[in-house]
Structures are given as C-alpha cells and as structure tokens.
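Beneath this line is the structure, given in structure tokens, with notes to follow.
2 protein chains.
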Amino acid sequence: MIAEILSTGDEIRTGTLVDTNSAYIAQELEGMGVRVLRHLTVGDDLTELAAVLQEIGSRADIAVVTGGLGPTSDDLSAEAAASAAGVPLVLDPEALRWIEGFFDRIGRPMGDNNRKQALLPESAVRIDNPIGSAPGFHLLIGKCRCFFLPGVPLEMKRMLRESVLPTIDTLLGSGARPIRIVTTLSSFGYGESMTAEKLTGFDAAFPDIRLGYRAKFPEVQIKLYLEGTDRLKLEARSLEAAGWVKERLGGRVFSDRGESMPEVIGRLLVERGATLAVAESCTGGLISHWITNVAGSSRYFLSAAVTYANEAKSRLLGVSPEILLRHGAVSEPVIREMAEGVRRMSGANFGLATSGIAGPDGGTPEKPVGLVWIGVSTQENGTSARSFQFRYANREANKQMFAMTALEMLRRTLCQNS
Amino acid sequence: MIAEILSTGDEIRTGTLVDTNSAYIAQELEGMGVRVLRHLTVGDDLTELAAVLQEIGSRADIAVVTGGLGPTSDDLSAEAAASAAGVPLVLDPEALRWIEGFFDRIGRPMGDNNRKQALLPESAVRIDNPIGSAPGFHLLIGKCRCFFLPGVPLEMKRMLRESVLPTIDTLLGSGARPIRIVTTLSSFGYGESMTAEKLTGFDAAFPDIRLGYRAKFPEVQIKLYLEGTDRLKLEARSLEAAGWVKERLGGRVFSDRGESMPEVIGRLLVERGATLAVAESCTGGLISHWITNVAGSSRYFLSAAVTYANEAKSRLLGVSPEILLRHGAVSEPVIREMAEGVRRMSGANFGLATSGIAGPDGGTPEKPVGLVWIGVSTQENGTSARSFQFRYANREANKQMFAMTALEMLRRTLCQNS
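Sequence lines, in order, name chains B and E.
If you count the first sequence from 1, position 183 lands on 183 in the UniProt record's numbering, and the numbers rise without skipping.
If you count the second sequence from 1, position 42 lands on 42 in the UniProt record's numbering, and the numbers rise without skipping.
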C-alpha cells in the first residue's frame, strides 16, 4: 500500500514555518508497514490544491493531508477536496453541532466564519476533532482514500492516532498481520551524527530490526522497530538490541521507554519519596518550567529561586557577597553555595543550581559564552559541582543545554543515592 | 518566475528526519521575488527521482534539489538528473581534483566511492562545495534550471547563498523589480478564528494588501504583505492598514513590528529604567524563562520565586499562612500578597505574580482547572489583581495562557504608568 503526504498552507510554502507534520505522519505510516512514496507541499490556492489532489488520487492508495481546515478565507481544503472528487460541499449538521459545542465548552462566542468549517464534501466521512474546532474528514479521490486533518500539530497527532491510523489499519486488511513493536530510547550527551556513528554496526548485529532517530534537541531518541509474530520473542529481541545501544552510548540513554528527562527525574524522586528545590541563574526558569510540565510534580517539586541579579543570589540563597565579588557568579564556590543554599532554605532533600553565560553577550576570554557551572546538593552525600563548556550558536540553545545537563547531573546523583 | 523545491532521501521520506532545508530555501527564494509553488520529497529511488525531476522540468522555471550527492549507493541525484535531462554522466576532472583536495585538507584517505561524486551530468555546470566533499551542479531539465545541492544544512546554505542565489538573481534579469514589505502585528487575546472574523472587510478596504495569519499560540501574528515601486508610499499604506487592524482588534495588538511579548515587556521596562521581579506558582518558571530568553534582560529582570509549595509562598514572599489557609493559594488575597511580597523583597519597581490551576488535576467546582489569579504590584500606583478562567485541554496550554495573560496585564500597567 502506497501513501503520499500533503501539507498545505502558505506559511509552509514560503518557508515561514517548517513542516513537522509530514515527518510525524510518515513515521507513523511506515511504522504500520505502509510505504510512503512522496511528500508534497502547496500553498493556499484552490486551483493548485485541487490539481495536486487529483494527481495524488491517480498515484496513491492512501493520502494524509494537513492544513486548510480553519475558518479563514485561506482555508480551502474542503473545497479543493470536493472539487477534486467531483462532489458538492454540503453542510454537515453533526459537524456544526460539534463546533458549537466546542465554543460552548471554552466559553467563547462562535464566529460566523466557523460555520464554514461544517461544510464538507458530500462523500466525506467526518473525523471529529477532540481538541479544536475544525473537523477532519476522509473521502475517495481517484483511487486514493484521502484523510484531511488540521495543521495544528497537537490536533493532527491526536486525530491521526485515534481515528486515521485505525481506519488505515482496517483498510490494510485483517489477514494475520505481523505484530509490531517500537522501543524508544531517550538519550542525551551526543548529537545526532555522533549517535549514529556510535551505533555503526547495528544493522549487521540486528538485521531484523529497523533503527530510527528522532532529534528532539537537546535529546536524541533512538527508535527500534521490530516486526514478527511472537510478541515475547520480539520483546526479548528488543531488550537485547536496547542493551547493545546502551552499551555503545556509554550511559547516555536515560530512559528505555521514551520518557522525557523531567519525567525520569520525577519518577526517581517519587520512588525515593524525595523533594527538590532549584536555584537558576542563566537558565532563567527553564528547569522549573520543564519540571512543572509533568503532572503531579507538586509531589516532589517545592520551589525555585531564579536569581538573575547577584543581589538575589545573596538574598534568596544566602550566597556570600564576598565570594560573589571575589570569584564572580559563574564559579565553583558560588555554585556550591547556590545549591546548598536552596536545599537548606527550602527543606528539600536535593538542591540543583545553575550559573553560566547563555550569550550572546556576557562572555570573556576566561569565561566564554556557553560556560556553565552546575551544582547538586544532597542531604547525606555532600555537594557535587561541575563546569561544562558548550558552543552553541544562540542563547536559547545554550539555555536548553545548560538545563538538560543540570537535570542529567541530578539524575546521575539520584541513581547513585538509591 | 516559478520555483519548486525537492528534498531527497529516505530519512526524510520516512520521517526519521524533519526537512528543514525546504523551508530555508523557500524563504530565500520568496525573499528574492521568486514564487515558490510547491515542495516535494522523494526517497532514494532512481526511477522515482528521475520521474519527479521530469515533472518539475515541465512545470517550473527554477528548482532547488537537496540531498543524494554523497558517496554511497543511496546517493542517486546526479544519475537521476542525467537521466531526466537525457544526457550521460561524465567524469569532471576539476571536480575530482576538488574532492581529492578536500580529503587532503582534512587528512583522511579518499575512498573509492568518493570518485563517484565527480561523475556529473554532461550538461551540468559544477557548483564547488567549500565545506564538504560533494560538488553541487545545475543544469536544464525540460524548461527548468535545476540546482542540485548537498542535504547537509550547513553545506547547502553556504552554497545556496554564495552560488545559487546570485545565479538565480542573474536569471531574474536586471529590470526594475518590485519592492516588497511585510508588516507583522503581534496580537494576544483573540484566537485565530476570532481574529480573522474581527478583520472581515480588510480585503475590501485594502485590496492591494495581502493579509496573512500566523498562529504562535498563545499569540496570533497578523502579517501584511505589500508590493509596489515606491517604498515611502508602501510604508504609509502599511501604517494605514495596521491602524485599521489595531482598531478592529480593540487593543489586542501589542507590537506592530512582530516583537514577542517578552521583547515588548523588556522594551517598556528599559524605556522607564524600571526593574521587575516575578512570583510564579502555576506557571512554574515559564514567565521567567520567556523573559530571560531576551538578550539583555538582566538590565531589568532581577529575580523570580517559583513558589510551588504553599510553604514557599510564605517563606520566599511573606504570604501570611493564615491567609493561605483561609482563602487557599488561588485567591485574590494571596495573589496580592505574592505580588507585593516579591516586589518589596526584591527591591524591584514592579512585581508580577501568578497563582492558578493548570490541571489536569487540582480543580474543584469552586476553583476549576484553568482558573488563574494574576497580580501586578507597582511602587506608586498600588496593586491590581484579576482572575481569569480558561478551559484549555491540557496543562501546557493552560500554563502558556496564564503566563501570557500575566505579561499582558503587566504590559497594560506599564503603558498606563508612563
């Protein structure tokens, strides 16, 4: 079964926005054994859109189209689909009810232009949107079953997973289909090229397993795709391959079930019944933000002090002004006092602190942009402090590397202290 | 002049890698006045590649193709281009010399398979690679001048900028080209649908201006695209249209030059020589993270207290434990004490505080998920406190709405106090 993926929208056509939907959809389809032949992108042009849908209709068995389902005059996917399929647009009363219900739920008035979103091709089967206002739909164009989803990634992924992939699964037929498992290893420490290089030889060692990478800076996810008829055998084989990968990456794999770093930290703290407080300078609140993205983090996360100004380091964390003056904020003595100070003052079991230079300004020859000190203070095993020198091109990348490295240092401490 | 962009490679076809090259190239071409009609992606398949090149050759004037110039058996772009153009592959001795020189420079032996990279279509004009081993090239396929570049972003961008774009510029001819300006208005407060609805009538009022939207939740960017020959006239017309938009959106436009909210906050604080401290509960560090993403924020941002646990609200901000007990953390009395506490204790001119329920747990009938109290404390004009009820489906969305609304409340206070 051949599939094509079409992303629509002027922001993608002109490159204002990078298309991440196509890669996501391609991975999901390929994971089901569907062969993705081609991706296309066109803009908000009715003629162009209808024409490319007809082309796809003559070539592929399945297509997934994203974008163009919104309420504005740029949103033309339903109209183009109807045109390509040679059917009229009709008002779907159920779709209209769903849209009205959506605006009701979020407590906002429904606009006139939202009515447009209930106009679907006559032959279309509606795909309800559990998150936003735009319903998706699928219909036959030429010989191709075309699925139309919103361009908003959150909505697209949900509807793909809950409606589209199961439908495609049915289309693939109910013959004894192989069992597929995907194992996701989350790693941090090597970039994508280096990770791939370290895993050279995987194909020879595991010719039965497809290896994939997903860059989620600063993480790299390694994905193992296995297919067979015996689930237990597959899981054992997956464990073997995961072990091989972990050994080659020398301790940089921090989860073998695709967890994010904050999720792992949360799990480790809960397992130990321990609490955490954070002192952030250069990371500016990013570590706390990541930690508090995890539902239930109030079980272990007490507080953070974002001590951007040096005065705040003294006032909120008890860092000695003399030490600040003598060594500067980005130094070992200061990071030790920050980590210990935040732990002691908050009553937490663990204190984590960062102090560095995210750039672009603020660097010196002795302390260049990209330098960070990280401290982890424990109740029973003292305080560890380390410095790292990164060289990323921009402030945001440096902040993310600093924050991720800090969490990795905390993770290793938690794993030791268990 | 019409262009198409083709990225090649199985990692992109299968979605293992997200294609960022196409967006980059599209932006550059559109910026030169070339209209990018379509993007395509195909895998490492000679037949498919040659076929799609012939299709492009019949449709476009210019094409930029990335990938498939490496030394492995998957690298088929030169062969496919030759096939599509109906010419043989020939060894380019200058290309071979260049590749040998590259390996010489990096002190590694040249592989046999690297010789393959010097085999180019007979009619091709070589584009030397200043960074890697693979030369690019351009040739005519059908009516289309097709440029072939490596897939490695760093190499692609350099060769695009140094060779391809100047060549395209020559092809465009030296006639008077129109001037293009893009005005970006950043807004917050209406969703994308409501924004579009409020701007109904724009096309009738300004038929010479193209209107676009960019959803950057929780912001909506409104983009005005003008084209003409007189820059001053265009700028005046843009101002007029921006004024019309601002009036329709009732104060929700916070920047007429595409600034982000934290950039605007930073600018307003610097203009007033004022400083800021933040107390975050439910937003967990997100506000501070956003603020500190702006280079130079240390000029006005002193510190933040992420007081996730109630005890931390008392310890770090001086919030009375009795008030916490009587009213709960998510209440007006507590938010006032948080905002005033953080301002007083930090010595900042302005204090901003948030306390709410991001979900999915923690809601009650009286205080549902999505409720947030926001306080802004000033030195001379007292403290304002307001509550908002949002109903977003997930924790991250609620956090972002809370944080953005808090910054907007601060922005309005700053604009009043000037």
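For each residue, glycine too, the CB sits at the ideal point set by N, CA and C.
The structure displayed is predicted, hence computed values, not measured ones.
Near residue i, what residues of its chain come up, given a Cβ to Cβ distance below 7 Å and the 5 sequence neighbours on each side ignored?
i	result
residue 131 of chain B	154, 155, 158
residue 321 of chain E	314
residue 348 of chain E	275, 276, 277, 302
residue 319 of chain E	313, 334, 337, 338, 341
residue 229 of chain B	178, 179
residue 346 of chain B	277, 302, 303
residue 263 of chain B	294
residue 152 of chain E	132
For the alpha helix (DSSP H) that residue i lies in, which residues bound it at each end?
i	result
residue 235 of chain B	231-248
residue 405 of chain B	395-416
residue 73 of chain B	Taken as a continuous stretch (DSSP letters only), residue 73 of chain B belongs to no alpha helix (DSSP H), as it is neither H nor E.
residue 389 of chain B	Premise fails: residue 389 of chain B lies in the beta strand (DSSP E), 383-389, not in any alpha helix (DSSP H).
residue 24 of chain B	21-31
Name the two residues that bound the continuous beta strand (DSSP E) containing residue i.
i	result
residue 57 of chain E	That residue, residue 57 of chain E, is in no beta strand (DSSP E); its alpha helix (DSSP H) goes 46-59.
residue 4 of chain B	2-8
residue 356 of chain B	350-356
residue 63 of chain E	62-66
residue 37 of chain B	35-42
For residue i, which residues of its own chain have a beta-carbon under 6 Å away from its beta-carbon, when the five flanking residues on both sides are left out?
i	result
residue 189 of chain E	252
residue 102 of chain B	133
residue 83 of chain B	50
residue 234 of chain E	181, 226, 228
residue 142 of chain E	57, 58
residue 385 of chain B	332, 335, 336, 375
Kindly give me the distance between the Cβ atoms of residue i and residue j, rounded to whole angstroms, as I take these residues to be in contact under 8 Å.
i	j	result
residue 19 of chain B	residue 19 of chain E	7 Å
residue 139 of chain B	residue 80 of chain B	Not really, about 12 Å apart at Cβ, beyond 8 Å.
residue 63 of chain E	residue 11 of chain E	At roughly 21 Å, the Cβ-Cβ gap does not stay under 8 Å, so residue 63 of chain E and residue 11 of chain E are not in contact.
residue 337 of chain B	residue 323 of chain B	6 Å
residue 179 of chain B	residue 231 of chain B	5 Å
residue 34 of chain B	residue 168 of chain B	7 Å
residue 390 of chain B	residue 398 of chain B	6 Å
residue 226 of chain B	residue 181 of chain B	5 Å
residue 185 of chain E	residue 256 of chain E	5 Å
residue 413 of chain B	residue 378 of chain B	6 Å
residue 40 of chain E	residue 6 of chain E	5 Å
residue 126 of chain E	residue 92 of chain E	6 Å
Grab me the residues of residue i's own chain with a C-beta within less than 8 Å of its C-beta, minus the 5 sequence neighbours each way, in chain order.
i	result
residue 162 of chain E	130
residue 89 of chain E	78, 79, 82, 119, 120, 121, 122
residue 52 of chain E	6, 40, 42
Discussion item. What ranges does the alpha helix (DSSP H) occupy inside the segment 151-224 of chain B, keeping only unbroken runs of at least 4 residues that lie completely in it?
Written reply: Qualifying alpha helix (DSSP H) stretches, in chain order: 153-159, 165-171, 192-198, 202-205.
Item to complete: Would you check if there are 3 or more beta carbon pairs closer than 8 Å linking the segment 286-303 of chain B to the segment 267-285 of chain E?
Response: The answer is yes - the segment 267-285 of chain E touches the segment 286-303 of chain B, with three or more Cβ pairs under 8 Å.
Worksheet item: Mind pulling the beta strand (DSSP E) runs of 3 or more residues that sit fully within the segment 75-154 of chain E?
Response: With a minimum length of 3 residues, the continuous beta strand (DSSP E) runs that stay inside the segment 75-154 of chain E are 89-91, 119-121, 125-127, 136-141, 144-149.
Practice prompt. Give a yes or no on contact between the segment 3-18 of chain B and the segment 29-39 of chain E, applying the rule of three or more CB pairs nearer than 8 Å.
Written response: For the pair of segments examined, the segment 3-18 of chain B was found to touch the segment 29-39 of chain E: the number of CB pairs separated by less than 8 Å reaches three.
Discussion item. So, does the segment 105-121 of chain E touch the segment 395-408 of chain B, judging by three or more C-beta pairs under 8 Å?
Written reply: No: the two stretches stay apart, fewer than three of their Cβ pairs being nearer than 8 Å.
Discussion item. Three Cβ pairs or more, each shorter than 8 Å: is that satisfied between the segment 388-404 of chain E and the segment 217-225 of chain E?
Written reply: By the criterion of at least three beta-carbon pairs nearer than 8 Å, the segment 388-404 of chain E is in contact with the segment 217-225 of chain E.
Discussion item. My parser needs the alpha helix (DSSP H) runs of 4 or more residues fully inside the segment 245-301 of chain E; what are they?
Written reply: For the segment 245-301 of chain E, whole alpha helix (DSSP H) runs of length 4 or above, ordered along the chain, are 261-272, 286-292.
Discussion item. List, from N- to C-terminal side, the beta strand (DSSP E) runs of 3 residues or more that fit wholly inside the segment 313-371 of chain E.
Written reply: Counting only runs of 3 or more residues that sit fully inside the segment 313-371 of chain E, the beta strand (DSSP E) segments are 350-356, in chain order.
Worksheet item: Are there three or more Cβ pairs, one per stretch, closer than 8 Å when the segment 296-309 of chain B is compared with the segment 274-281 of chain B?
Response: Touching, yes, given that three or more Cβ pairs across the two stretches are closer than 8 Å.
Worksheet item: Does the segment 364-379 of chain B touch the segment 327-338 of chain B, meaning 3 or more C-beta pairs lie closer than 8 Å?
Response: Result yes; three or more Cβ-Cβ pairs closer than 8 Å.
Discussion item. Quick test of the definition: if touching needs 3 or more C-beta pairs under 8 Å, does the segment 188-207 of chain B touch the segment 233-245 of chain B?
Written reply: Cβ pair count under 8 Å is three or more, so yes.
Worksheet item: Do the segment 103-114 of chain B and the segment 164-175 of chain B make contact, defined as three or more Cβ pairs closer than 8 Å?
Response: By the criterion of at least three beta-carbon pairs nearer than 8 Å, the segment 103-114 of chain B is not in contact with the segment 164-175 of chain B.
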